[in-house]
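Using my numbering, the first residue of the sequence shown is number 205, and each one after it goes up by one.
Quick reminder that beta carbons are idealized off the backbone N, C-alpha and C, glycines included.
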Amino acid sequence: MTDSPSPDVAPAGGAYRVLARKYRPHSFDDLIGQEPMVRTLTNAFRSGRIAQAYMLTGVRGVGKTTTARILARALNYVRPGVDRPSIDLAEEGEHCRAIMEGRHVDVIEMDAASHTGIDDIRDIIESVQYAPAIARYKVYIIDEVHMLSKSAFNGLLKTLEEPPAHVKFIFATTEIRKVPVTVLSRCQRFDLRRVEAARLVEHLRAIVAAEGVTAEDDALALIARAAEGSVRDALSILDQAIAHQAGRVEAADTRAMLGLADRARVIDLFEHVMRGDVAAALAELKEQYDLGADPPVVMTDLADFIHYVTRLKYVPEAADDAALSEAERQRGAAFAGQLSVRALGRAWQILVKGIAEIAESERALAAADMVLVRLAHASSLPAPDELLRALDGGDAGSGPGQVAAERQPPAAPVPAAPARMSAARSAAMPASAGSGGPAMAARSRQPAPPPPAAEAGEPLVMERFEDLILMAEDRRDLPMRTMLRRNVRLVSFADGRMEINLVGNPPANAVQELSNRLQAWTGRRWIIATSREGGAPTVEETEQADQSRRRDQAMDDPTVEALLARFPGARVIDVRVRADEPVLDAPDDPDAADVAGGLDDFFE
205 MTDSPSPDVA PAGGAYRVLA RKYRPHSFDD LIGQEPMVRT LTNAFRSGRI
255 AQAYMLTGVR GVGKTTTARI LARALNYVRP GVDRPSIDLA EEGEHCRAIM
305 EGRHVDVIEM DAASHTGIDD IRDIIESVQY APAIARYKVY IIDEVHMLSK
355 SAFNGLLKTL EEPPAHVKFI FATTEIRKVP VTVLSRCQRF DLRRVEAARL
405 VEHLRAIVAA EGVTAEDDAL ALIARAAEGS VRDALSILDQ AIAHQAGRVE
455 AADTRAMLGL ADRARVIDLF EHVMRGDVAA ALAELKEQYD LGADPPVVMT
505 DLADFIHYVT RLKYVPEAAD DAALSEAERQ RGAAFAGQLS VRALGRAWQI
555 LVKGIAEIAE SERALAAADM VLVRLAHASS LPAPDELLRA LDGGDAGSGP
605 GQVAAERQPP AAPVPAAPAR MSAARSAAMP ASAGSGGPAM AARSRQPAPP
655 PPAAEAGEPL VMERFEDLIL MAEDRRDLPM RTMLRRNVRL VSFADGRMEI
705 NLVGNPPANA VQELSNRLQA WTGRRWIIAT SREGGAPTVE ETEQADQSRR
755 RDQAMDDPTV EALLARFPGA RVIDVRVRAD EPVLDAPDDP DAADVAGGLD
805 DFFE
């Protein structure tokens, strides 16, 4: 599309032509938003490096078919004094008008959506051997090429790889991932971009001026946003708006036509929910609904505004977008300075799930009301670290559940390091040989243990049963590690000998497999005896008992009691003991992430 558009000549009989056809580009200079593609093609034509096939991809209405025709025109450009392919199409050549109107004998356009089979491709394969009738190249434009069948693609491959010198292929598709790689590898690919809203507003302003129509800037911004980067969609909406409003395009009527909410009222709705004012938020949504706004569209606009405010916190230049209203700029900047990223992210997550619920509901307004209720209540919830600080300081607010007490975390069992294990591996193994909680987290931060002595030709001494589990982990033998933790109750243990009681459902050859593993790991044979005596609890049984004990201790902790009282219905589902060492790479900005080890470890 052009920045200073010039309309096509009206067809015979004075029939009306829609704006999308009337202002269709005729040269590469007319295209907007596709500068990288134009630059590549310009350099290629000037150097004579013209490809045999091109693949144009992009969203609907971005100009793929139009670009294909312009490219066919450039390949067959002929005028007095110029008889070669050219990007400079300022003057109309001999074949230009016929090509742009889709009626040139040597430029064959085919819609793959209605010609999907191998028979259609066979016709192309048979016709490529004939030279063009009047033009320089015979150009095949295949639109929606991804619709071709597998056999049709396969039939096209050989011709596409080695076409005659007088043949060029131009493909267009909205689903590039459905095109076989074998076809893509034989084409030069160009991804046509969505047109930015600000650029689209400028283009629409030029068109309404050429049409002699008065249009408000806010109305053009609404149309540009609704088009979502598609020039054709924007012109179609503008055409409808001109007809709907009898030649004068105003924002209020355009908004009503599109079923959109007033952007200023969307900001008001955002303010109500972030203040926690449920009644005002519900009333605002109902008023917008009565004026014709669609609840899913209102909630989508609300999500867009949350995204915009979040961007402003990191990219203040985002306010310079020409598609934004003055209210969005000023109030968005104010919200960006007042709200934390944590609060905005929480609102975004609720809205993303809520919009999907509204789309699936048969009662859109009721579903939207419930989403607003969740948003308003979530906005008043304190962050985990803020709540803990308030409880520690005795200022948790008024009302039931207020408790001021010192936090007394349950004591963590301190493992004893085995004598023959490295310091890193000792820190990795709790007394219960557990794999969960902070012990394993600490192990993941420790340097890798040195290779076992058995690999250096020396026998490895195993002084604890837990050493066997660590060895299985080091060797990545997960089945043996699971069996040792889940099915083995230890009766006695010494280096080279142990007596065990197998419980649960161990493998049928568990003892033999364990003996083989130990011989391979330690370099000597082991004596393994089975016993009917009870033995010590398994590692998993020990961990479960420890977890139950820690949960009981947590329930007696005054801070946990206060939290449970503050959040009725909450329950303790897990208790994890913090590692002694600090967490690496912790974020410095409290707005960027929740404080490590907050309430997420305690409550669901």
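Mind reading off the beta-carbon distance from E313 to I274? Whole number of angstroms is fine, and I expect it under 8 Å.
Here residue 313 refers to the residue found at position 109 when the sequence shown is read from its first residue. Here residue 274 refers to the residue found at position 70 when the sequence shown is read from its first residue. At roughly 13 Å, the Cβ-Cβ gap does not stay under 8 Å, so E313 and I274 are not in contact.
Identity of the residue in R326, Q333, A766, V311 nearest A339 by Cα
Here residue 339 is taken as the residue at index 135 of the sequence shown, counted from 1. Cα-wise, what sits closest to A339 is V311.
I818 and I427 look like a contact to me (Cβ under 8 Å); what is the Cβ gap, rounded to whole Å?
Residue 818 cannot be examined here, being either before or after the span of the chain that is shown, 205 to 808.
Does DSSP classify I704 as helix, strand or coil?
As a working mapping, residue 704 is identified with position 500 in the sequence shown. Here I704 carries a strand assignment [DSSP, helix/strand/coil].
Relative to the alpha-carbon of M461, which residue among I471, H448, R680, S434 has its alpha-carbon at the smallest distance?
Locating residue 461 in the sequence shown gives position 257, where the first residue counts as 1. Checking every option, the nearest Cα to that of M461 belongs to H448.
For Y334, which of helix, strand or coil comes out of DSSP?
Taking the first residue of the sequence shown as 1, we reach residue 334 at position 130. DSSP places Y334 in coil when its eight states are reduced to three.
Which runs of the beta strand (DSSP E) at least 3 residues long sit entirely within the segment 371 to 447? Give them in chain order.
371 to 377, 392 to 395
Express the C-alpha separation of R546 and A774 in angstroms, rounding to a whole number.
One-based indexing of the sequence shown puts residue 774 at position 570. One-based indexing of the sequence shown puts residue 546 at position 342. Their Cα atoms are separated by approximately 22 Å.
G199 and W730 closer than 8 Å at C-beta
Absent from the structure is residue 199, since the part of the chain shown begins at 205 and ends at 808.
Distance check for L360 and V383, CA to CA, integer angstroms please.
If you number the sequence shown from 1, residue 383 lands on position 179. If you number the sequence shown from 1, residue 360 lands on position 156. Cα-Cα distance, rounded: 12 Å.
Between which two residues does the beta strand (DSSP E) carrying S347 extend?
Locating residue 347 in the sequence shown gives position 143, counting from the first residue. Ser is not the amino acid found at residue 347; the sequence shown has Asp there. Residues 342 to 347.
Decide if P499 is buried, meaning its Cβ has at least 16 other Cβ atoms within 10 Å, or exposed.
Along the sequence shown, one-based indexing puts residue 499 at 295. Result: buried.
Since G433 contacts V242 with CB under 8 Å, what's their CB separation in whole angstroms?
Taking the first residue of the sequence shown as 1, we reach residue 433 at position 229. Taking the first residue of the sequence shown as 1, we reach residue 242 at position 38. Actually they are not in contact, since the Cβ atoms of G433 and V242 sit about 18 Å apart, beyond 8 Å.
So, L473 versus L506, is the Cβ gap smaller than 8 Å?
Start at 1 with the first residue of the sequence shown, and residue 473 comes out as number 269. Start at 1 with the first residue of the sequence shown, and residue 506 comes out as number 302. For L473 and L506, yes; Cβs fall inside 8 Å.
Determine the closest residue to E454 out of D481, H476, D421, with distance taken between C-alpha atoms.
Locating residue 454 in the sequence shown gives position 250, where the first residue counts as 1. Taking only the C-alpha atoms, the option nearest E454 is D421.
Please report the residue range of the alpha helix (DSSP H) in which M304 lies.
Against the sequence shown, residue 304 aligns to sequence position 100. M304 -> alpha helix (DSSP H) spans 300 to 304.
Taking N705 as the reference, which of E737, V556, Q542 has the closest Cα?
For the purposes of this step, residue 705 is taken as the residue at position 501 of the sequence shown. Residue E737 is the option with its Cα nearest to N705.
Please return the same chain residues whose Cβ sits closer than 6 Å to the Cβ of Y512, not counting the five positions on each side in sequence.
The residue given as residue 512 occupies position 308 in the sequence shown. Contacts found: G536.
Run through DSSP, which three-state label would I731 get?
As a working note, residue 731 is residue 527 in the sequence shown. In this structure, I731 counts as strand in the three-state DSSP scheme.
Have a look at L223 and D525 and give me their C-alpha separation to the nearest angstrom.
Here residue 223 corresponds to residue number 19 of the sequence shown, with the count starting at 1. Here residue 525 corresponds to residue number 321 of the sequence shown, with the count starting at 1. Each residue's Cα considered, the two are about 25 Å apart.
Beta-bridge pairing of M314 - partner residues as DSSP gives them:
Mapped onto the sequence shown, residue 314 falls at position 110. Beta-bridge pairing links M314 to I346.
Alpha carbon to alpha carbon, how far is V405 from V781?
Taking the sequence shown and counting its residues from 1, the one referred to as residue 405 is at position 201. Taking the sequence shown and counting its residues from 1, the one referred to as residue 781 is at position 577. So the two alpha carbons sit approximately 57 Å from each other.
Of all the options A414, Q492, P367, A255, which has the alpha carbon lying nearest to the alpha carbon of V459?
In the sequence shown, counting from the first residue as 1, residue 459 sits at position 255. One point to set straight first is that residue 459 is Arg, not Val, in the sequence displayed. Among A414, Q492, P367, A255, the Cα nearest to that of R459 belongs to Q492.
Is the segment 298 to 308 close to the segment 279 to 289, with three or more CB pairs under 8 Å?
The segment 298 to 308 makes contact with the segment 279 to 289; the number of CB pairs closer than 8 Å reaches 3 or more.
By a C-beta neighbour count over all protein chains shown, 10 Å radius and 16 as the cutoff for buried, is Y220 buried or exposed?
Along the sequence shown, read from residue 1 onward, the residue named residue 220 stands at position 16. Label assigned to Y220: exposed.
Cβ neighbour criterion (16 or more within 10 Å) applied to Q238
Locating residue 238 in the sequence shown gives position 34, counting from the first residue. Buried, since its Cβ has 16 or more Cβ neighbours within 10 Å.
Using the three-state DSSP reduction, which class does A450 fall into: helix, strand or coil?
Counting from 1 along the sequence shown, the entry for residue 450 is found at position 246. Correct three-state label for A450: coil.
Extent of the continuous beta strand (DSSP E) to which Y258 belongs
Residue mapping note: residue 258 aligns to position 54 of the sequence shown, counting from 1. Taken as a continuous stretch (DSSP letters only), the beta strand (DSSP E) holding Y258 covers 257 to 261.
Buried or exposed (CB count within 10 angstroms, at least 16 for buried), L682
Residue 682 sits at position 478 when you count from the first residue of the sequence shown. So L682 ends up on the exposed side.
Considering only the beta carbon of each residue, do A580 and G480 sit closer than 8 Å?
Indexing the sequence shown from 1 puts residue 580 at position 376. Indexing the sequence shown from 1 puts residue 480 at position 276. The answer is yes: Cβ separation under 8 Å.
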